[in-house]
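Asks: In order, the protein sequence lines correspond to chains X and F. For the first sequence, position 20 matches number 1057 in the numbering used here, and the numbering has no gaps at all. For the second sequence, position 68 matches number 1105 in the numbering used here, and the numbering has no gaps at all.
Number of protein chains: 2
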Amino acid sequence: MKISDAARRAGLPVKTVRYYADIDLVRPPGRTDNNYRDYDSAALAKLVFVRRARDFGFSIPECRDLLALYEDRDRSSADVRALAASHLAEIEAKQRQLAALRDELAHLVSACQGNDRPDCPIIDRLEAE
Amino acid sequence: MKISDAARRAGLPVKTVRYYADIDLVRPPGRTDNNYRDYDSAALAKLVFVRRARDFGFSIPECRDLLALYEDRDRSSADVRALAASHLAEIEAKQRQLAALRDELAHLVSACQGNDRPDCPIIDRLEAE
DNA sequence: TCTTGACCTTCCTGTTACTGGAAAGTCTAG
DNA sequence: CTAGACTTTCCAGTAACAGGAAGGTCAAGA
């Protein structure tokens, strides 16, 4: 299977698939005679797997770990769970940070008159006291 | 004022202050005889302003716009408000995205036994069907 | 006077996860 | 035989810095 077919089926840009091969994340099992990357169904499954993991916000190193667990028939689900739980904690931390940010910004926006006068609590808040 | 003093007072790393000067975001008003960047209180105020705006998640281009408004005594608060509101909308979009992510991931984590057996709904969810 | 240490300068590289583009080779259809 | 749609490698750029090298400057202490 040529790279564009693998990419289309995996739902990834060709450039990304090539990049994943470059960094040894998902390599095609071989090359054709004309030096084209040649993907099989196993590699395609890995591409799909990585795309989904990326959609979940896992970093490339995390995807690498997940992929290793995915391929390890003797894995323990505890290892997978630990990885996912750790990522979940990161997401929740970012959520808290974003929520605090949003609340204060929303407060400022609603406090600002939004007219043609220069007085603005948003600027005031950013200014040194 | 030397760069390390300005940086310390602004709560920024020296590298960052130098970077802001390089990209013409906040430039020191001049140089000393020995070619050291020389900051005054106005430049310091801008550095503080930018740091706070960055803390609020504004991008460098947005900071540039905010800084221009900050310096414009004839600004209309509507312009500031529009910029902040737009950024707020972005934050809220990211919040929704993160919330959806978190919910699904949390669901998967809680569904995973986390024992020494390989069966794992997290892997299953990432796998091609 | 000399030296040590703490500054400062510029310049270059690396980070994340790609994306865009150039130059060149390959294959298929008309 | 040629046009186009592929493919390849390699190089540059993205955001917002951080790290580090090589070298200049300055004040304090032996």
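Don't be surprised by glycine CBs; every beta carbon is placed ideally from N, CA and C.
Can you have a look at S1123(X) and say buried or exposed, based on whether 16 or more other CB atoms are within 10 angstroms of its CB?
Replies: By the 10 Å Cβ count, S1123(X) comes out exposed.
Asks: Give me the residue from A1082(F), R1046(F), N1072(F) with the minimum Cα distance to L1062(F).
Replies: When only C-alpha atoms are compared, the closest one is A1082(F).
Asks: Find out if the Cβ-Cβ distance for the pair P1066(X), A1079(X) is shorter than 9 Å.
Replies: Closer than 9 Å, so yes.
Asks: Would S1096(X) be called buried (16 or more neighbouring beta carbons within 10 Å of its own) or exposed?
Replies: Exposed, by the Cβ-count rule.
Asks: Measure the C-alpha to C-alpha separation of Q1132(F) and R1101(X) and round it to an integer number of angstroms.
Replies: Straight-line Cα distance between these residues: approximately 26 Å.
Asks: For the candidate residues R1110(X), N1072(X), R1162(X), Y1076(X), whose alpha-carbon lies nearest to that of S1025(X)?
Replies: Residue coverage of chain X in this structure runs from 1038 to 1166, which leaves residue 1025(X) outside it and unanswerable.
Asks: Given a cut-off of 9 Å, decide if F1093(X) and A1165(F) are closer than it, judged by their beta-carbon atoms.
Replies: No. Outside cutoff.
Asks: Measure how close the beta-carbons of A1043(F) and D1153(X) come, nearest whole angstrom, since I'm counting them as under 8 Å.
Replies: Rounded, the Cβ-Cβ distance is 34 Å, inconsistent with contact.
Asks: Name the chain X residues whose beta carbon is nearer than 8 Å to that of H1124(F)?
Replies: L1142, listed in chain order.
Asks: Can you say whether A1148(X) is buried or exposed, counting buried as having 16 or more other CB atoms within 10 angstroms of its CB?
Replies: Exposed, since its Cβ has fewer than 16 Cβ neighbours within 10 Å.
Asks: Run through chain X and tell me which residues come within less than 9 Å of A1105(F), C-beta to C-beta.
Replies: Per Cβ cutoff of 9 Å: no residues; A1105(F) is ~11 Å from chain X at best.
Asks: Quick one: does V1063(F) have its CB under 9 Å from some CB of chain X?
Replies: Not one chain X Cβ lies under 9 Å of V1063(F).
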